[in-house]
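*Asks:* In the numbering used here, the protein residues as written are 2 to 68. Cβ atoms here follow ideal geometry from the backbone N, Cα and C, with glycine treated the same way. This structure is a prediction, so every number in the text was calculated from the model and none was measured.
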Amino acid sequence: MTLRFIGTTSEHGNCPTLYEVEETGDIVVQGDRLTDPEDLAQLRDVGEHETFVVIPRALLTRFAPKE
Numbered sequence: 002m003t004l005r006f007i008g009t010t011s012e013h014g015n016c017p018t019l020y021e022v023e024e025t026g027d028i029v030v031q032g033d034r035l036t037d038p039e040d041l042a043q044l045r046d047v048g049e050h051e052t053f054v055v056i057p058r059a060l061l062t063r064f065a066p067k068e
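(1) Could you tell me the boundaries of the alpha helix (DSSP H) in which E21 lies?
(2) Taking 8 Å as the limit between beta carbons, can you name the residues of its chain near G8, skipping five residues before and five after?
(3) Does DSSP put T9 in a helix, in a strand, or in coil?
(4) What is the residue span of the beta strand (DSSP E) that Q31 lies within?
(5) Roughly how many angstroms lie between the CA atoms of M2 and D27, to the nearest whole one?
In structure tokens form, the structure reads like this:
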């Protein structure tokens, strides 16, 4: 897998960040892990292999692909 950096709203090199998988066009997100049990209880159809991260709306509206 080859990742291409798309953009970040971080000022110091931390998360959040978006990447594109060059071979597929899929998007990889880097962000703070969602860990609060009450928040996690609201999520549906969660696979054992899945995790969740919080991404600021500003990052997505600025850098997410439009197509």
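*Replies:* Here's the rundown:
(1) Taken as a continuous stretch (DSSP letters only), E21 belongs to no alpha helix (DSSP H), being part of the beta strand (DSSP E) at 18 to 22.
(2) Shown here for G8: same chain residues with a beta carbon closer than 8 Å to its own, the five before and five after excluded, namely T18, L19, L60, R63, F64 in chain order.
(3) Strand at T9.
(4) Start and end: 28 to 31.
(5) So the alpha carbons of these two residues sit roughly 11 Å apart.
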